[in-house]
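S.K.: Top to bottom, those sequences are chains A and B.
When we follow numbering that gives the first Met the number 0, the leftmost residue of the first sequence carries the number 0, and every step to the right adds one.
When we follow numbering that gives the first Met the number 0, the leftmost residue of the second sequence carries the number 0, and every step to the right adds one.
Even for Gly, the Cβ is constructed at its ideal location relative to N, Cα and C.
There's a structure below that I have some questions on.
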Amino acid sequence: MNTSHGPLAKIDEAALTRIGRMQGFYTWPTTAILLSYWTFLVGLGLAAVVSRFFMPGSVREVLVITLPLLTLLLHVGTTYLVYRACDEYLRQRILKCAAAAAVMLAFAAVADFSLERLGRPYLSMSVLNLCGWSLFIVLMLWVRHRAR
Amino acid sequence: MINILPALRAQHGWTQGDLAAKLAVSRQTVNAVETGRYEPSLSLAFAIAALFALPIEQIFQAHRIARKFTGESN
Numbered sequence: 000m001n002t003s004h005g006p007l008a009k010i011d012e013a014a015l016t017r018i019g020r021m022q023g024f025y026t027w028p029t030t031a032i033l034l035s036y037w038t039f040l041v042g043l044g045l046a047a048v049v050s051r052f053f054m055p056g057s058v059r060e061v062l063v064i065t066l067p068l069l070t071l072l073l074h075v076g077t078t079y080l081v082y083r084a085c086d087e088y089l090r091q092r093i094l095k096c097a098a099a100a101a102v103m104l105a106f107a108a109v110a111d112f113s114l115e116r117l118g119r120p121y122l123s124m125s126v127l128n129l130c131g132w133s134l135f136i137v138l139m140l141w142v143r144h145r146a147r
Numbered sequence: 000m001i002n003i004l005p006a007l008r009a010q011h012g013w014t015q016g017d018l019a020a021k022l023a024v025s026r027q028t029v030n031a032v033e034t035g036r037y038e039p040s041l042s043l044a045f046a047i048a049a050l051f052a053l054p055i056e057q058i059f060q061a062h063r064i065a066r067k068f069t070g071e072s073n
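Written as structure tokens, this is what we have:
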């Protein structure tokens with residue numbers, strides 16, 4: 000970028016690099032992943048609210064089941080689209096992220112089971128699910144961040 | 000697997016970003032291939048060969064694999 004003339008002339012090169020990096024990070028894949036993950040969290044939260052405040056019945060059951068599942072489906076679909084949009088090396092790295100997150104989640108699930116047997120309070124599977132997804136999303140965003 | 004990609008790139012005066020743009024991959028991919036951290040797929044290897052108008056075996060040399068099949072010690 001030529002900064003010798005015009006309004007950008009006074010902005011130093013380091014600042015331009017920082018701006019470029021920020022712009023590069025908020026591309027459509029990152030935004031799509033973050034938005035779909037946010038939607039999933041909202042769906043999960045709404046399901047919790049519905050289960051607490053709605054009267055027992057078929058509407059409550061349908062909402063509690065469909066809200067998290069549909070938003071999770073949207074999130075998984077978005078993640079897959081982003082994966083498809085990456086090149087072969089990034090795909091390999093994303094798969095490594097998924098494998099790492101799955102292994103950590105498996106250990107966390109076993110640790111949770113063992114702690115529960117030892118008398119620790121029961122931990123909902125949704126918490127483990129959230130931890131696993133969050134970990135995978137963070138790893139995936141890190142890969143994309145490094146790939147700019 | 001070793002390759003002469005950095006030398007070829009320098010010969011053309013391209014940055015890793017330039018080469019990545021020409022190959023439609025990320026700059027990180029070019030960097031990983033150049034440093035030997037990643038072995039490209041056949042399609043990417045063919046694209047690189049076509050871009051530099053050289054045979055694949057001239058750009059990528061699989062010394063270790065060749066030794067494995069020929070039984071050479073060096």
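Looking only at C-alpha atoms, which of A:Pro55, A:Arg59 and A:Val109 sits nearest to leucine 45 of chain A?
M.R.: The shortest C-alpha separation from leucine 45 of chain A is found at A:Arg59.
S.K.: Applying the 10 Å Cβ sphere with the 16-neighbour rule, what's the burial state of threonine 34 of chain B?
M.R.: By the 10 Å Cβ count, threonine 34 of chain B comes out exposed.
S.K.: Which residues in chain A sit within 7 Å of leucine 43 of chain B, going by Cβ to Cβ distance?
M.R.: Here the neighbours are Glu87.
S.K.: What are the boundary residues of the alpha helix (DSSP H) that leucine 71 of chain A is part of?
M.R.: Looking at the DSSP string, the run of the alpha helix (DSSP H) that includes leucine 71 of chain A is 57-84.
S.K.: Would you mind sorting histidine 144 of chain A into buried or exposed? The rule is 16 or more other CB atoms within 10 Å of its CB.
M.R.: Exposed, since its Cβ has fewer than 16 Cβ neighbours within 10 Å.
S.K.: Determine whether the Cβ of arginine 145 of chain A lies closer than 8 Å to any Cβ atom of chain B.
M.R.: Judged by the 8 Å Cβ criterion, arginine 145 of chain A is in contact with chain B.
S.K.: Distance check for alanine 105 of chain A and alanine 118 of chain B, CA to CA, integer angstroms please.
M.R.: An answer regarding residue 118 of chain B cannot be provided, because it is not within the stretch 0 to 73 covered by chain B.
S.K.: Which one of B:Ala20, B:Leu7, B:Ile58 and B:Phe51 has the shortest CA to CA distance from glutamate 38 of chain B?
M.R.: When each option's Cα is compared against that of glutamate 38 of chain B, the closest is B:Ile58.
S.K.: Which of the three DSSP states, helix, strand or coil, is assigned to phenylalanine 53 of chain A?
M.R.: In this structure, phenylalanine 53 of chain A counts as coil in the three-state DSSP scheme.
S.K.: Identify every residue that forms a DSSP beta bridge with phenylalanine 59 of chain B.
M.R.: Per DSSP, B:Asn2.
S.K.: In the DSSP assignment, the alpha helix (DSSP H) including tyrosine 88 of chain A goes from what residue to what residue?
M.R.: Residues 87-116.
S.K.: When burial is assigned at 16 or more other CB atoms within 10 Å of the CB, is methionine 54 of chain A buried or exposed?
M.R.: Answer is exposed; the Cβ neighbour count stays below 16.
S.K.: Would you say threonine 34 of chain B lies against chain A (beta-carbon separation less than 8 Å)?
M.R.: Cβ-Cβ to chain A under 8 Å: no for threonine 34 of chain B.
S.K.: Roughly how many whole angstroms lie between the Cα atoms of valine 29 of chain B and alanine 31 of chain A?
M.R.: In a straight line, the C-alpha of valine 29 of chain B is about 25 Å away from that of alanine 31 of chain A.
S.K.: Is any beta-carbon of chain A found at less than 8 Å from that of threonine 14 of chain B?
M.R.: No, no contact with chain A.
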